[in-house]
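To start, the structure under review is shown below, and the notes come after it.
Number of protein chains: 2
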Amino acid sequence: MRSDKQKPATIRDVARVSGVSVGTVSRSLNAPDSVRPATLGKVRAAIQALDFQPDSRAQNMRRRSTLTVGFVVDDIANPLHAATFKAADAEMRGRGFSLYLVNTSGKAREEADAIDMLQHGRADGLIMTINSEQDVRTLRRLAELRVPSVLLDRDISLEVDAVLTDHALGMTQATEHLIELGHRRIALITGGPDIRPGRERIRGFREAFRRRRMDFPEDLMQAQNLSSDFGFRAASTLLQRPDRPTAMIAAGNRILVGVLRAIQQHNVSVPREMSIIACDQTDLARLYPGPITLIDRDIEEIGRTAAQLLLERLEGSEKPAQRISFPTRLILGGSSAPVPR
Amino acid sequence: MRSDKQKPATIRDVARVSGVSVGTVSRSLNAPDSVRPATLGKVRAAIQALDFQPDSRAQNMRRRSTLTVGFVVDDIANPLHAATFKAADAEMRGRGFSLYLVNTSGKAREEADAIDMLQHGRADGLIMTINSEQDVRTLRRLAELRVPSVLLDRDISLEVDAVLTDHALGMTQATEHLIELGHRRIALITGGPDIRPGRERIRGFREAFRRRRMDFPEDLMQAQNLSSDFGFRAASTLLQRPDRPTAMIAAGNRILVGVLRAIQQHNVSVPREMSIIACDQTDLARLYPGPITLIDRDIEEIGRTAAQLLLERLEGSEKPAQRISFPTRLILGGSSAPVPR
DNA sequence: ACGACAATTAGAAACGTTTCCAAGAATATG
DNA sequence: CATATTCTTGGAAACGTTTCTAATTGTCGT
């Protein structure tokens with residue numbers, strides 16, 4: 026066994042061994058051009074010999090930054106969030122930053138705590154999908170943030186950069202598609218109006234009926250939250266009605282899971298008895314008996330853009346807050362069909 | 026607008042305002058019992074007044090730890106990894122640690138880099154699902170690790186704690202289930218023998234035939250990697266054979282996605298023409314026309330256990346390396362049926 | 001070979017916290 | 001009431017790096 030237990034070499038050890046000062050070692054590391062080649066050689070040799078690696082704790086301390094960005098999200102098991110994370114991470118990593126994931130389960134308390142902990146020296150910036158868009162405490166924290174931040178698909182009245190999706194237009198298109206297929210009793214199941222995606226989708230849904238001067242099926246709209254449980258409950262309720270809808274829009278990838286569960290349980294045939302439209306690509310949406318008609322968007326681009334926005338701020342940009350919105354597109358699958366007579 | 030731009034208060038400011046020494050402030054924070062209530066009051070008041078929060082960079086530096094554990098994984102978008110992460114994170118968070126996620130895309134190079142970066146002051150310990158179980162460079166890094174670590178479902182000849190799954194037994198049971206249903210031409214699609222899950226599943230598969238003294242369908246075994254692309258290619262090849270198998274075990278949740286894609290493309294009816302067995306619960310496995318028969322395991326428990334193992338080490342335990350293995354269980358779904366004649 | 005100027009280097013201070021030690025205050029003991 | 005003992009506290013050192021200033025070395029033209 027090697028003499029393993031000795032503590033790691035420091036920059037001082039390197040200085041001693043290579044016969045230069047600590048300052049020079051530091052510069053050999055961070056600005057090699059500013060040190061004479063001969064010196065650089067000696068330093069590099071010593072570094073090699075001692076297997077030295079700078080201690081990032083000390084670096085963070087001294088340069089007052091961590092080269093780390095917090096990524097706050099309610100559930101990383103949601104493939105959408107995972108994809109956003111990966112895209113943002115790749116972009117950031119390319120620029121020398123890494124992402125620090127905090128999974129909050131969506132509770133206001135945990136979100137506030139996450140923000141608190143991240144801004145006090147754990148991260149240089151924040152990318153967040155906040156669930157408590159209306160929570161006073163969370164809002165206050167966001168307002169007093171010490172580090173730059175970017176919001177994902179959230180809309181608060183603060184000067185904060187945000188990357189958004191045009192859910193409203195996407196929803197209008199999806200609804201119109203169903204109307205053109207002859208559907209009138211169309212149900213919408215989505216998140217509550219307290220967070221942006223819910224709000225916007227409801228708006229878009231309404232808009233489709235307004236454009237056609239048709240009655241808006243108020244009673245078929247179920248907007249509460251984005252969980253699969255809610256999707257299941259809402260769909261079950263709808264399926265038990267005597268005047269069951271002929272189409273359902275499961276607006277949210279978790280919601281879709283619940284809706285399909287309900288459909289399976291009630292033995293409803295898709296699309297013969299019921300047309301379905303989903304949001305966002307997932308394995309399930311792609312494969313469920315056949316591909317489901319869905320409102321798609323480019324998640325990778327959203328993640329990348331959030332990263333870029335934040336990087337600008339980290340480089341000191343003082344522009345007014347930007348809000349970048351991306352479009353969706355309707356992808357036709359086998360789950361939407363003309364209404365049966 | 027408030028005078029927002031002033032820099033955050035330090036422990037020195039708190040000391041000055043409350044009229045005590047920095048040492049006392051520090052102890053008020055970390056060991057409130059050791060300071061007189063009156064003093065504590067003054068300090069707390071000052072902290073409140075200044076909105077002081079200790080700078081974690083400085084804390085990490087001084088106490089030479091970060092209360093952070095690295096979680097290294099090839100793809101966080103894999104729901105299995107996400108679930109493991111969440112479970113480990115919850116356990117760790119309860120004990121004051123947080124998890125630092127590093128997504129490596131499975132490349133040996135990135136895995137090595139991740140380990141390097143994490144152990145030099147970014148994390149106090151590591152939880153890893155390494156893909157390059159055989160890569161020399163990775164192995165050397167693991168051997169020389171400065172921080173305690175736990176491997177997930179990987180098996181290397183080093184003194185390292187590990188949390189494993191008994192894939193072999195699970196696979197034997199699944200295969201026997203198919204054999205009992207009359208299947209003989211059973212295909213196995215799984216990861217390569219270079220990483221543990223592949224190895225073990227192959228072993229278990231073989232064992233089922235050995236027990237029955239039946240010929241092992243060597244030509245129906247496709248073991249390469251766990252990607253959905255491989256699943257698709259392997260399944261497509263198998264489906265095109267004249268002596269097409271009557272059952273397939275898609276051993277890996279990504280593989281299942283590819284296999285189902287191939288099945289859909291070849292218009293094969295499940296389970297009438299083909300029985301399918303999957304591994305691990307996913308939305309897809311639960312909902313695909315109906316629930317798929319699968320080899321399940323308790324992912325949460327695996328994540329929790331990894332965290333606990335690591336916590337022990339972080340508290341200084343010097344026991345010999347532990348390897349904890351969890352069982353699987355076969356959950357019957359609608360995708361496995363007697364072989365058609 | 002000399003001075004002027006640029007390039008390189010040494011050395012010390014600083015970042016904000018924790019922790020150690022010794023001194024001072026409070027309390028208990030006789 | 002004096003002294004021993006325990007609690008609190010102040011002050012300074014330390015963690016390992018970066019960065020600043022000043023000093024030294026090197027280069028160049030004449």
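Chains A and B supply the protein sequences, listed in that same order.
Heads up: the first sequence is residues 26 to 366, going by my numbering.
Heads up: the second sequence is residues 26 to 366, going by my numbering.
Using N, Cα and C, we set each Cβ at its ideal position, and we do this for glycine too.
Quick caveat, the model's predicted, so the values are computed rather than measured.
Under the assumption that residue i contacts residue j (Cβ atoms under 8 Å), give the Cβ distance between them as a whole number of angstroms.
i	j	result
residue 50 of chain A	residue 40 of chain A	5 Å
residue 327 of chain B	residue 170 of chain B	That pair is no contact at about 21 Å.
residue 226 of chain B	residue 196 of chain B	5 Å
residue 200 of chain A	residue 233 of chain A	3 Å
residue 163 of chain B	residue 133 of chain B	6 Å
residue 127 of chain A	residue 150 of chain A	The Cβ separation is near 13 Å, so there is no contact.
residue 166 of chain A	residue 91 of chain A	Contact doesn't hold; Cβ gap of about 19 Å is too wide.
residue 295 of chain A	residue 253 of chain A	Their Cβ separation, rounded to whole angstroms, is 17 Å, which puts residue 295 of chain A and residue 253 of chain A out of contact at 8 Å.
residue 229 of chain B	residue 275 of chain B	At roughly 15 Å, the Cβ-Cβ gap does not stay under 8 Å, so residue 229 of chain B and residue 275 of chain B are not in contact.
residue 246 of chain B	residue 86 of chain A	Going by Cβ atoms, the distance from residue 246 of chain B to residue 86 of chain A rounds to 54 Å, so no, they are not a contact pair.
Classify residue i as helix, strand or coil using the three-state DSSP reduction.
i	result
residue 348 of chain B	strand
residue 246 of chain B	strand
residue 285 of chain A	helix
residue 239 of chain B	coil
residue 359 of chain B	coil
residue 122 of chain A	coil
residue 153 of chain A	strand
residue 365 of chain A	coil
residue 354 of chain B	strand
residue 26 of chain A	Model confidence at residue 26 of chain A stands at a pLDDT of 34, short of 50, so the residue's coordinates are unreliable; what they give is reported in the following sentence. In the structure shown, residue 26 of chain A sits in coil (DSSP, three-state: anything other than H, G, I, E or B).
residue 77 of chain B	coil
residue 268 of chain B	coil
residue 216 of chain B	strand
residue 51 of chain A	helix
residue 94 of chain A	strand
residue 199 of chain A	helix
residue 301 of chain B	strand
residue 317 of chain A	coil
residue 334 of chain B	helix
residue 83 of chain A	helix
residue 128 of chain A	strand
So which residues on chain A does residue i lean against when the C-beta distance must stay under 7 Å?
i	result
residue 110 of chain B	101
Taking Cβ positions, are residue i and residue j nearer each other than 8 Å?
i	j	result
residue 305 of chain A	residue 319 of chain A	yes
residue 173 of chain B	residue 329 of chain B	no
residue 71 of chain B	residue 43 of chain B	yes
residue 255 of chain B	residue 288 of chain B	no
residue 6 of chain A	residue 325 of chain A	Outside the displayed range of chain A (26 to 366) lies residue 6 of chain A, so it cannot be described from this structure.
residue 220 of chain A	residue 156 of chain A	yes
residue 270 of chain A	residue 210 of chain A	yes
residue 364 of chain B	residue 216 of chain B	no
residue 351 of chain A	residue 141 of chain A	no
residue 335 of chain B	residue 313 of chain A	no
residue 212 of chain B	residue 300 of chain B	no
Could you work out which residues of chain B lie near residue i, taking near to mean beta carbons separated by less than 9 Å?
i	result
residue 208 of chain A	Here the premise fails: no neighbours, minimum Cβ distance about 23 Å.
residue 286 of chain A	311, 312
List the residues of chain A whose Cβ lies closer than 9 Å to the Cβ of residue i, in chain order.
i	result
residue 250 of chain B	Under the 9 Å cutoff, chain A gives no residues; its nearest Cβ is about 18 Å from residue 250 of chain B.
residue 282 of chain B	308, 311, 312
What in chain A is Cβ-close to residue i, meaning under 8 Å?
i	result
residue 81 of chain B	142, 145, 146, 147
residue 78 of chain B	141, 145
residue 359 of chain B	In chain order: nothing, as chain A lies at least about 11 Å away.
residue 114 of chain B	128
residue 315 of chain B	289
Residues of chain B with CB under 7 Å from residue i, in chain order?
i	result
residue 69 of chain A	Those within 7 Å of residue 69 of chain A in chain B number zero; the least Cβ separation is about 17 Å.
residue 107 of chain A	101, 102, 107
residue 86 of chain A	82, 83, 86
residue 91 of chain A	82
Given that residue i touches chain B, what residues does it touch there, using C-beta distances under 8 Å?
i	result
residue 171 of chain A	33
Any chance the segment 183 to 190 of chain B sits against the segment 343 to 353 of chain B, with 3 or more Cβ pairs inside 8 Å?
The answer is yes - the segment 343 to 353 of chain B touches the segment 183 to 190 of chain B, with three or more Cβ pairs under 8 Å.
Answer yes if the segment 259 to 271 of chain A comes into contact with the segment 284 to 291 of chain A, meaning at least three C-beta pairs across the two stretches below 8 Å, and no otherwise.
Yes: at least three Cβ pairs fall under 8 Å.
Closer than 8 Å is the cut-off here; do at least three beta carbon pairs connect the segment 66 to 81 of chain B with the segment 95 to 109 of chain B?
No, they do not touch.
Three or more C-beta pairs closer than 8 Å, one from the segment 52 to 63 of chain A and one from the segment 101 to 117 of chain A: is that the case here?
When C-beta atoms of the segment 52 to 63 of chain A are compared with those of the segment 101 to 117 of chain A, fewer than three pairs fall below 8 Å, so the two segments do not count as touching.
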